[in-house]
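Mapping of the sequence shown onto this note's numbering: residues 41 to 360, in sequence order. For reference, the structure is listed below as structure tokens.
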Amino acid sequence: MDDDALEALKARVTGGDLDPSLLRQLADALDAQQTKEKRRRLLRTGGRVRAPRGCGREPCLVSDYDGGDTVDVVYEDGGEGTVEASKASSLLDFEMDERACGDAAELKRRGNALFGEKDWVNAAAHYERALKVLKRPPTCGSRVLINAGTLKCGTLSDVSPKTVDVMYDDGPDEDDLDRRRVILVVNDAELQCSLYLNLAKCALKVSRLRDSTSAATLAGGLASSNEELKARFLCSARVVRGRANLAQKKLRHALRDADVAVELNSNDAAALALKRDAERAKKLALRENKKLAKEVTQWVETAQGKFQENGGDETQCAQQ
């Protein structure tokens, strides 16, 4: 509705015409006007907003907006686009503050907000920054996650430039262990576990499958360090890793992850869905293998028949 029509409506109402339909029409027109003004302020040329891209929304610069239904934007990687103006939104609160953040919990909060925007890449960057904030060098008395064939938690009893002595939570102690087997120092197991799990989810969303597998494995290793973390995180870590394995067609690993996840929580919908999908993929793979074996057998029999028809003696042929 243009300004003249809106003023005419106002005049009728102030003149005493209080018909319900007219009042509703005026209220809707005023709401539309407010929305239009807010949108115009938000989408000022040169301003930064979040706009749709793919399945999520990313930060971008408004390059042109004439007050219509669409707006031209330039994304941070240089890509350009024209999107619906109604789907653009303000930056998240922390994106308006250019100061660097050095608090791991706050970086996780920001990452979660970006995850909610389906901005997987920037969310992952915040989780990685949080993990760097939490990173510590191994020292005597440190809680650590060790690569001992499987991931195990323990406490360092001695640290030298090349080796460490470790007292495992479960199992016998180990001395003179190669220091490179120390995967990470655990200084906030709950926060580190959730960060690695969220990082694995982001990597899975953008098909960085090996990164997803690695992060989910670390999350699972940390979650196994105590019963509380195990109950909260381990099932989800196995589901995410199972999904990454399934996408890489590592069916044996995916099925193993699915079985563990279901054993941990037999009512978890994601775990049950993973098990169902992994079993279906296994059946399809077996069917394809049988089909291929049959086709190869038929080809060999046909080739041998033609060879013998032409007077050949297969016993005189060298086997390659």
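Think of the CB as a built atom: it goes at the ideal place given N, C-alpha and C, for glycine as much as any other residue. In this text the structure is predicted, and so the values were computed from the model without any measurement.
Hey, R183 and V226: beta-carbon distance below 7 Å or not? Taking the first residue of the sequence shown as position 1, residue 183 is located at position 143. Taking the first residue of the sequence shown as position 1, residue 226 is located at position 186. If you check the CB distance, R183 and V226 come in under 7 Å.
Distance between beta carbons of G260 and L274, contact taken as under 8 Å: Reading the sequence shown from its first residue, position 234 is the one you call residue 274. Reading the sequence shown from its first residue, position 220 is the one you call residue 260. At roughly 6 Å, the Cβ-Cβ gap stays under 8 Å, so L274 and G260 are in contact.
Run through DSSP, which three-state label would P92 get? As a position in the sequence shown, residue 92 is number 52, starting the count at 1. Judged by DSSP in its simplified three-state form, P92 adopts strand.
Between the alpha carbons of L185 and L239, how many angstroms are there, rounded? On the sequence shown, residue 185 is found 145 positions in, with the first residue counted as 1. On the sequence shown, residue 239 is found 199 positions in, with the first residue counted as 1. If you draw a straight line from the Cα of L185 to the Cα of L239, it is about 18 Å long.
In three-state terms, what does DSSP make of A48? For the purposes of this step, residue 48 is identified with residue 8 of the sequence shown, where counting begins at 1. It is helical.
Spatial neighbours of C357 within its chain, please: CB distance less than 8 Å, with the 5 preceding and 5 following residues excluded, ordered by chain position. Within the sequence shown, residue 357 is the residue found at index 317, counting from 1. Bear in mind that the predicted position of C357 carries a pLDDT of just 47, short of 50, making it unreliable; the figure below should be weighed with that in mind. Taken in chain order, the list of residues that qualify is empty.
For A243, the nearest candidate out of D213, R283, P92 (CA to CA): On the sequence shown, position 203 is the one that residue 243 refers to. Each of D213, R283, P92 was checked against the Cα of A243, and the nearest Cα belongs to R283.
Go ahead and pull the three-state DSSP assignment for C233. Within the sequence shown, residue 233 is the residue found at index 193, counting from 1. Under the three-state reduction of DSSP output, C233 falls in the helix class.
Environment of D159 [buried if 16+ CB atoms lie within 10 Å]: Here residue 159 corresponds to residue number 119 of the sequence shown, with the count starting at 1. So D159 counts as buried.
Could you compute how far the alpha carbon of A125 sits from the alpha carbon of G86? The residue labelled residue 125 in the question sits at position 85 within the sequence shown. The residue labelled residue 86 in the question sits at position 46 within the sequence shown. Spanning the two alpha carbons is a distance of roughly 15 Å.
Closest to Y236 by CA distance: which of I223, S254, R81, S247 is it? Taking the sequence shown and counting its residues from 1, the one referred to as residue 236 is at position 196. Considering only alpha carbons, the answer is S254.
P212 beta carbon less than 7 Å from that of V199: In the sequence shown, residue 199 corresponds to position 159, counting from 1. In the sequence shown, residue 212 corresponds to position 172, counting from 1. At the C-beta level, V199 and P212 stay beyond 7 Å of one another.
Residues in the same chain with beta-carbon distance under 6 Å from D251, minus the five sequence neighbours each way, listed in chain order, please. Within the sequence shown, residue 251 is the residue found at index 211, counting from 1. A243, listed in sequence order.
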